[in-house]
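The structure under discussion appears below in the form of structure tokens.
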Amino acid sequence: MINSLPKPDADAAAHSQQLKLHIGRHIAEAGGWLDFAQYMDLVLYAPSLGYYSAGAKKFGPAGDFVTAPELSPLFARTLATQAADIISATAGDVLELGAGSGRLAADLLLELDRLQQLPSQYRILEISAYLRQVQKDYLQKVLPPHLMQRVEWLDSLPEVFSGLVLGNEVLDALPVHILHQQADGLLQRGVGLAPDGEFQWVDQPADPLIQAAFRETRLPEPYTTEICMAAGGLIASLASMLQRGVVLLIDYGFPRHEYYHPQRQQGTLMCHYRHHAHTDPFLYPGLQDITAHVDFTRIAESAMQQGLSVMGYASQAQFLINCGITECLAEVSPHDIAVYAPLASSAQKLLSPAEMGELFKVIAVGRGVDEPLRGFGRGDKRHTL
């Protein structure tokens with residue numbers, strides 16, 4: 024599989040080598056071992072070198088993967104109906120966490136304008152200077168001035184916020200710890216340097232905090248899996264600032280009993296490089312994305328610990344159907360093949376259980392909003408968390 028991947032050009036290979044040396048210095052300074060979460064953080068976010076910090080194209084056909092907003096305008100149009108309800112209920116704004124190419128922000132603002140439910144501000148928290156510029160260039164190209172003037176970029180979360188917090192494929196990019204259950208206990212997988220300078224797996228006894236997190240979870244032996252401790256920190260930060268509103272998170276993953284299923288013994292860690300998926304996180308550092316599926320039970324638990332309510336949990340397909348995606352598609356005549364055919368094809372990808380429909384989930388947590396959320400009117404699966 025690895026041998027079939029496209030080879031990077033000379034410039035990309037040199038960039039990757041720079042990052043390898045950078046990480047190697049961190050490993051040496053740490054005494055020869057970094058836990059995998061630290062390695063993943065450096066690979067993705069090291070300033071000017073990490074995957075999300077450097078300038079390679081990431082989204083769309085010319086990048087490494089395609090997200091739902093890139094796939095079809097139907098995604099944002101449908102999501103806008105739920106966003107409009109939340110903006111109306113809270114008289115609040117929108118805060119998008121990591122806006123990717125800017126496509127979701129643009130399509131949402133255009134549809135909210137059509138629905139006459141614009142927020143006063145559309146804030147984007149983007150830690151990548153490169154992606155921030157990509158977003159600015161795209162939004163300035165496609166948005167009229169009265170919408171563009173509502174967009175504001177942030178370096179950190181605001182102290183207080185009311186409205187909708189939106190994160191599409193944010194949780195899967197948070198660094199994870201990799202655990203390896205063996206007969207003699209739970210080990211924490213980390214990264215060391217082989218004699219030839221290449222990265223290699225090195226196991227150590229798991230950190231006590233991680234041991235405690237698995238106290239109630241029985242794992243078979245041997246078993247490799249992940250845990251995202253950073254997710255709890257993100258939810259705590261969002262809860263701290265949220266006065267009144269809803270945090271809507273869309274990502275691929277499972278409730279805990281499915282995440283740690285006995286048959287998922289190799290975990291969920293996945294790498295994406297030029298639309299090829301594989302499992303070697305040491306390949307082409309800085310040139311490929313590294314992700315892990317989301318334990319949505321952990322997200323729900325973290326929210327409740329911070330005083331937030333879990334307001335809904337459903338598959339992406341059910342959420343989009345509840346929000347009216349089929350009605351949006353029906354507005355286009357099937358006889359207009361040039362327009363209808365690509366929309367229908369993209370709707371199939373968004374909804375099909377074999378594509379994104381079931382693997383992707385939507386969870387809503389929040390406070391101070393009493394109205395039921397339309398996206399969870401049918402098929403709410405909170406009971407599975």
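Quick note, the sequence shown lines up with residues 24 to 408 if you use the working numbering. Yeah, the Cβ is synthetic: ideal placement off N, Cα and C, and Gly gets one too.
One or two residues paired with residue 223 in a DSSP bridge:
215
Give the DSSP-derived three-state secondary structure of residue 99 in the structure shown.
Helix, per DSSP.
In chain order, what residues of the same chain lie with their CB nearer than 6 Å to the CB of residue 279, ignoring the 5 residues before and after it?
318, 320
Neighbour-count burial assignment, residue 101, 16 or more Cβ in a 10 Å radius:
buried
Whole-angstrom distance between residue 311 and residue 212, CA atom to CA atom:
20 Å
Helix, strand or coil, according to DSSP, for residue 175 in the structure here?
strand
As an exercise, report each continuous beta strand (DSSP E) stretch of at least 3 residues that is fully enclosed by the segment 354-378, in chain order.
none
Cβ neighbours of residue 66 in the same chain (closer than 8 Å, five flanking residues each side left out)
42, 46, 73, 74, 304, 308, 309, 313
State buried or exposed for residue 183, treating a residue as buried only when at least 16 other CB atoms are found within 10 Å of its CB.
exposed
Would you kindly report the start and end of the unbroken alpha helix (DSSP H) that includes residue 59?
59-68
Below 8 Å on the Cβ atoms is my guess for residue 120 versus residue 148; work out the distance and round it to an integer in Å.
5 Å
Would residue 336 pass as a contact of residue 399 if the rule is Cβ separation under 9 Å?
yes
Exposed or buried, which one is residue 362 when buried takes at least 16 other CB atoms within 10 Å?
exposed
Between which two residues does the alpha helix (DSSP H) carrying residue 271 extend?
Following the DSSP letters along the chain, one finds residue 271 in no alpha helix (DSSP H) but inside the beta strand (DSSP E) bounded by residues 265-277.
Three-way DSSP call (helix, strand, coil) for residue 305 in this model
Coil.
Determine the burial state of residue 198: buried for a count of at least 16 other Cβ atoms within 10 Å of its Cβ, exposed for fewer.
When all chains shown are included, residue 198 counts as buried.
Please determine if the segment 261-270 and the segment 383-394 are in contact, where contact requires at least 3 C-beta pairs separated by less than 8 Å.
yes
Consult DSSP for residue 161 and reduce its assignment to one of helix, strand or coil.
helix
Taking DSSP as the reference, what is the three-state secondary structure of residue 297?
Of the three classes helix, strand and coil, the one that applies to residue 297 here is coil, per DSSP.
Do you know offhand how far residue 169's Cα is from residue 255's?
37 Å
Applying the 10 Å Cβ sphere with the 16-neighbour rule, what's the burial state of residue 241?
Exposed, by the Cβ-count rule.
Using a Cβ-Cβ distance cut-off of 9 Å, determine whether residue 368 contacts chain E.
Looking for chain E here will not work: only one protein chain is present.
In this structure, how does DSSP classify residue 39 when only helix, strand and coil are distinguished?
helix
Would residue 131 pass as a contact of residue 173 if the rule is Cβ separation under 9 Å?
no
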